[in-house]
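Colleague:
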Amino acid sequence: MKEEKKKDAQKMEEMQREIDEAEANLKADETAEEEAVDEADAQEEAQAETPEEEAETLRAEVERLTADLKEKEDRVLRLQADFENFRRRVSKERIELADVVKQDFLKDMLPLVDNFERAMAAEKTDGEAFQKGVEMIYTQFGEILKKNGLEPIETEGRKFDPNFHQAVMRVADPELEDEMIVKELQRGYTAHGRVLRPSMVQVVSN
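Residue numbers for the sequence shown follow the working numbering, so the first one is 3 and each next one is one higher.
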C-alpha cells in the first residue's frame with residue numbers, strides 16, 4: 003500500500019512538472035507573438051517604403067505564432083484535465099480500499115456479536131447483575147460497529163430476498179404468503195451497503 007501511494011505521488015509530480023513546463027512554453031510563445039506583432043506594427047509605421055512581400059512575411063509569422071500558441075494552450079488544458087482525473091481516481095481508490103479494510107475488520111467481529119446475543123438469550127443463572135453487564139457491553143460494542151458502517155439486515159415482516167437472506171428452512175403456513183420470512187435463525191449484516199453475511203432465515207413455502 004505504501005509503494006502504491008509512493009507511485010501515485012510520483013505520477014502526480016510528473017504530471018505537475020509537465021503542466022508547469024507547458025505553461026512556461028506557453029508564456030514564452032505569448033511573449034514572442036507580442037514582439038512579432040510590435041515589430042510588424044513598428045515597421046509598417048516607420049518605413050512606408052517597406053516592400054509588400056516583407057509585410058506579408060511578418061503577417062504570416064504572426065499567424066504561425068498564433069496557431070502555435072493555440073496548440074500549446076490546448077495542450078496545457080489537456081494536461082490539467084488529465085491531472086485532475088488522475089487525482090480523483092487515486093482519491094476514489096483510497097476510499098474504496100479503506101472501506102474494504104473496515105469490512106474485513108467488521109466480519110471478524112461478527113462471531114463476538116453472536117456470542118453476546120447467545121449469552122443474553124440464556125437463563126440468568128449467574129444473577130441479574132451479570133446479565134445487565136453483558137447487555138451493557140453488547141450495547142456499547144454494537145454502537146462501535148454501527149459507527150464503522152455495520153448495519154443489521156431486516157427480516158421481520160419481510161419477504162425472502164436472495165440478495166440479503168439465506169433460506170435454511172422452509173415451513174408451510176397457510177396464513178402467510180409464500181416466501182415470507184417467519185423466523186430469523188442468524189442475523190445478517192451489511193457494511194457501507196455491501197452484504198457481509200446474509201441472514202439465515204426460515205421461509206414460508208406452501
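Positions of the beta carbon are idealized from the N, C-alpha and C atoms, including for glycine.
Please read all numbers here as calculations on a predicted model, not as lab measurements.
Quick one: what does DSSP say LEU186 is sitting in, helix, strand or coil?
Modeller: For the purposes of this step, residue 186 is identified with residue 184 of the sequence shown, where counting begins at 1. First, the residue type needs correcting, since residue 186 is Glu and not Leu in the sequence shown. Of the three classes helix, strand and coil, the one that applies to GLU186 here is strand, per DSSP.
Colleague: Are the CB atoms of ALA174 and LYS104 within a distance shorter than 8 angstroms?
Modeller: Stepping through the sequence shown from its first residue, residue 104 is reached at position 102. Stepping through the sequence shown from its first residue, residue 174 is reached at position 172. No, these two residues do not count as a Cβ contact at 8 angstroms.
Colleague: Using a Cβ-Cβ cutoff of less than 6 angstroms, which residues in the same chain neighbour HIS167 once the five nearest sequence positions on both sides are dropped?
Modeller: On the sequence shown, residue 167 is found 165 positions in, with the first residue counted as 1. Counting only Cβ-Cβ distances below 6 angstroms, and skipping sequence neighbours, we find PRO200, SER201, VAL203.
Colleague: To the nearest angstrom, report how far apart GLY190 and MET14 are at their CA atoms.
Modeller: Position 188 of the sequence shown, counting from 1, holds the residue named residue 190. Position 12 of the sequence shown, counting from 1, holds the residue named residue 14. Distance between the alpha carbons of GLY190 and MET14 is about 42 angstroms.
Colleague: Find the nearest neighbour of MET111 within the set VAL92, LEU81, GLN18, ASN150, judged by alpha-carbon distance.
Modeller: Here residue 111 corresponds to residue number 109 of the sequence shown, with the count starting at 1. Answer by Cα proximity: ASN150.
Colleague: Using a Cβ-Cβ cutoff of less than 6 angstroms, which residues in the same chain neighbour TYR140 once the five nearest sequence positions on both sides are dropped?
Modeller: Here residue 140 refers to the residue found at position 138 when the sequence shown is read from its first residue. Excluding residues within five positions, the ones whose Cβ falls inside 6 angstroms are PHE118.
Colleague: Quick test of the definition: if touching needs 3 or more C-beta pairs under 8 angstroms, does the region 155–170 touch the region 181–189?
Modeller: Touching, per the Cβ criterion.
Colleague: Taking the alpha helix (DSSP H) that THR68 falls in, what are its first and last residues?
Modeller: Mapped onto the sequence shown, residue 68 falls at position 66. Segment 54–123, the alpha helix (DSSP H) holding THR68.
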